[in-house]
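Worksheet for the structure shown next.
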């Protein structure tokens, strides 16, 4: 009888077998501890300012393995953005070991959730408002650093990707060519409709760009061209 009573006192978090849904996860200390560790680990992956902060444990499952797996869905604040992250934390309490074995995050700030993003991983993206700005900024920075008398403009954009680092790092390739417009400040931000491509095919280049966006910094410093390289197309 005493054995049965003792077993009955074990918390729900220690159920064995397949992952088990836990009710009221924010009241279970082991889950709260795993969630706090997960957020700390994600911030370590990001290595950025601002840091993520936990808003809510949306759901939690537990599984007995060689220790315990905690399958967590967390809502977090990241600067002005709200993200929902699915994280697996592996815990071996007797070894004082905790490890994040899986993580993906979705931006919940827009009208529709974005595609899941692995923190630190690179994903292909469709052309949206932010990625268009990244491309435009990269081209403008290229022209501001160029000695070419004529403004260069992209004929084609390929391999557009985004990586979640200390902000959003956009990488893309651009086939660019000199246009009919002078490379002067008054022609900045003009496209091919206003500055048609020149007939000089020898001016065509294939360039690779890396553009970083950090929403939380001063507006005039949010965008940075971190790297670019070009070769003859």
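In my numbering, the protein residues as written are 40 to 272. Every residue gets a Cβ at the ideal spot worked out from N, C-alpha and C, and that includes glycine.
When the Cα atoms are used, residue 83 and residue 125 turn out to be separated by approximately 16 Å.
Residue 183 counts as exposed, since fewer than 16 other C-beta atoms from the protein chains shown sit within 10 angstroms of its C-beta. Take residue 123, set aside five residues on each side of it, and the residues of its chain with a beta-carbon closer than 6 Å to its own are 114, 145 and 147, in chain order. Bridge pairing for residue 129: 108 and 138 [DSSP].
Assigned with DSSP and collapsed to three states, residue 72 falls in helix. Approximately 7 Å separates the beta-carbon atoms of residue 269 and residue 245; this is inside 8 Å, confirming the contact. Residue 120 is bridged by DSSP to 117. Runs of the alpha helix (DSSP H) lying entirely within the segment 212–266 and spanning at least 4 residues: none are present.
If you ignore the 5 residues before and after residue 91, its C-beta comes within less than 6 Å of the C-beta of 78, 81, 82, 115 and 117, all in its own chain and listed in chain order. Nearest neighbour of residue 235 by Cα position, chosen from 190, 205 and 264, turns out to be 190.
An exposed status is given to residue 221, since fewer than 16 other beta-carbon atoms sit within 10 Å of its beta-carbon.
Here residue 203 is buried: its Cβ has 16 or more other Cβ atoms, across all protein chains shown, within 10 Å. Contact between residue 199 and residue 231 does not hold, since their C-beta atoms are separated by about 18 Å, which reaches or exceeds 8 Å. The beta carbon of residue 195 sits closer than 8 Å to those of 213 and 214, all from its chain and outside the five residues before and after it, given in chain order.
Boundaries of the alpha helix (DSSP H) around residue 172: 168–184. If you draw a straight line from the Cα of residue 210 to the Cα of residue 181, it is about 14 Å long.
By the neighbour-count definition (other C-beta atoms within 10 Å, threshold 16), residue 170 is a buried residue.
By the CB criterion at 8 Å, residue 61 and residue 101 fall inside the cutoff.
Residue 128 is a Cβ neighbour of residue 109, given a cutoff of 8 Å. CA-CA distance, residue 252 to residue 174, rounds to 11 Å. Put simply, the backbone Cα of residue 266 is about 43 Å away from that of residue 107. Comparing alpha-carbon positions, the option among 218, 254 and 224 lying closest to residue 208 turns out to be 254. Residue burial is scored here from C-beta neighbours: residue 119 has fewer than 16 other C-beta atoms within 10 angstroms and is therefore classed as exposed. Cβ-Cβ distances below 6 Å link residue 64 to 70, 96 and 99 in the same chain, with the five nearest sequence neighbours on each side left out; the list follows chain order.
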